[in-house]
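Worksheet: the structure to be examined is printed underneath.
Protein chains: 2
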Amino acid sequence: MNFDLKEAISVLERTPQTLEVFLTGLSDDWLHCREGDETWNIIEVLEHLIEGEKHNWIKRLETILKEGEKNPFPAFDRFSHLNQKVERSLEQTLLEFKELRNESLSKLKNLIHSDSQLELTGYHPAFGVVKVRQLISTWVVHDLTHISQLVRIMAERYRVDVGPWEEYLGILKKR
Amino acid sequence: MNFDLKEAISVLERTPQTLEVFLTGLSDDWLHCREGDETWNIIEVLEHLIEGEKHNWIKRLETILKEGEKNPFPAFDRFSHLNQKVERSLEQTLLEFKELRNESLSKLKNLIHSDSQLELTGYHPAFGVVKVRQLISTWVVHDLTHISQLVRIMAERYRVDVGPWEEYLGILKKR
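In order, the protein sequence lines correspond to chains D and W.
Each residue of the first sequence is one higher than the one before, starting from 1 at the first, in full-length UniProt numbering.
Each residue of the second sequence is one higher than the one before, starting from 1 at the first, in full-length UniProt numbering.
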């Protein structure tokens, strides 16, 4: 086990600014490209991260702290952001994510003030009993998964362009 | 084909600052963790990116422009950075990468001033004939590959910690 709350927070708090630096100013062709039908573009990945801040991570943590294993977590629809037809700029989307993440981390720091709370348990509708430490670890790895997805989407756009080098580029082998 | 020089540069110029924001201040445990034996840690990935700026991308471009297909590219040792036992901080490593990347992009902009140059060809020791546009596309996707590698290395560190959520986290399925 490697989880450490302070270290986990250090990753969670870097994600919004990392995405801001990486994505701000990129062309619409980068921002709207996809790996294929039924896959997300960069904007949709950001909207999904926003949904997680609004409806997933802190809500589940609060459920564990208040109710323990008594009730399963409320369902989180991993595709709900696809139904919203929000018209806004990348900058607005990134800003909303940054603000929501800051709020989430403030709440996290207020809610968890001792290591023993990391062992508290809740009930996941699919997995059964889960611990606070697993939930927060998952939050971190979920960020990493979607950063990985963003760069994979972009790499896909140049699959044909790289020509024979495709063979050396691991990212083009992973879908 | 999607390659566009301006768009390619827009990604290449964002990589150093993205890595700076994402990595600066992370604990040594994040910076030195590995996916397993014989795999790179984050510092080693950065050293590899630095080697590419010093010995690969611009050198190959210059070879194409000067010699065409006459001589194969000089070999680039993708593992050379592992033999250097450089003692320096993450900040120094990131700074060197940023400076070298800035120089590379200045040279790129000086060397390529017309679209027709993108079609010029050189001779890759393994692949045979390759074009300038393929070389520059590969440079972009190479950045993306290593950003993806960085986050995958970090995700691996929490593989056990996420507990049953491992099943939902795509990044933990890709090695």
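Even glycine gets a Cβ: it sits at the ideal position worked out from N, Cα and C.
- If you draw a straight line from the Cα of Glu99/W to the Cα of Leu90/D, it is about 28 angstroms long.
- DSSP places His113/W outside any alpha helix (DSSP H), giving it a letter other than H or E.
- Residue contact check for Leu61/W against chain D: no CB pair falls below 8 angstroms.
- Close partners of Gly25/W in chain D (Cβ separation under 9 angstroms): Ser10 and Arg14.
- Among the residues facing chain W, Asn2/D is included, as its CB has a counterpart in that chain under 8 angstroms away.
- Using a Cβ distance threshold of 8 angstroms, Phe73/W and Gly122/W count as a contacting pair.
- For Gln117/D, there are no C-beta contacts with chain W under 9 angstroms, since the nearest C-beta of that chain is about 16 angstroms from it.
- Shortest Cα-Cα distance from Leu120/W to any of Gly25/W, His48/W, Ile9/W and Lys70/W involves Lys70/W.
- Inclusion of His32/D and Glu51/D in the CB contact set at 8 angstroms is not warranted, their separation being larger than that value.
- A buried status is given to Met154/D, since no fewer than 16 other beta-carbon atoms sit within 10 Å of its beta-carbon.
- Of the residues Asn41/W, Asp37/W and Leu19/W, the one whose Cα lies closest to the Cα of Asp28/W is Asn41/W.
- Ranked by how close their Cα comes to the Cα of Lys66/W, the residues Asp161/W, Glu87/W, Gln134/W and Leu111/W have Leu111/W in first place.
- Taking a contact as a CB-CB distance under 8 angstroms, the pair Leu172/D and Arg159/D counts as one, their CB atoms being some 6 angstroms apart.
- Think of a sphere of 7 angstroms around the beta carbon of Leu144/W: the chain D residues whose beta carbon falls inside it are Val151, Met154, Ala155 and Ile171, in chain order.
- Between the C-alpha atoms of His55/W and Val21/W there is a straight-line separation of about 26 angstroms.
- Spanning the alpha carbons of Gly25/D and Gln17/W requires a straight line of approximately 14 angstroms.
- Annotation: Thr24/W is outside any beta strand (DSSP E) and is labelled neither H nor E by DSSP.
- If only complete runs of 4 or more residues are kept, the UniProt domain "DinB-like" (12-150) of chain D shows the alpha helix (DSSP H) at 15-23, 28-32, 42-55, 57-67 and 90-111, in order along the chain.
- Each of Lys59/D, Met1/D, Trp30/D and Thr15/D was checked against the Cα of Asn2/W, and the nearest Cα belongs to Trp30/D.
- Arg60/W sits close to Leu135/W, with the two beta carbons spaced by under 8 angstroms.
- Note on geometry: alpha-carbon atoms of Asp115/D and Val11/D lie some 19 angstroms from one another.
- Rounded to the nearest angstrom, the Cβ distance from Ile43/D to Thr93/D is 6 angstroms, consistent with a contact under 8 angstroms.
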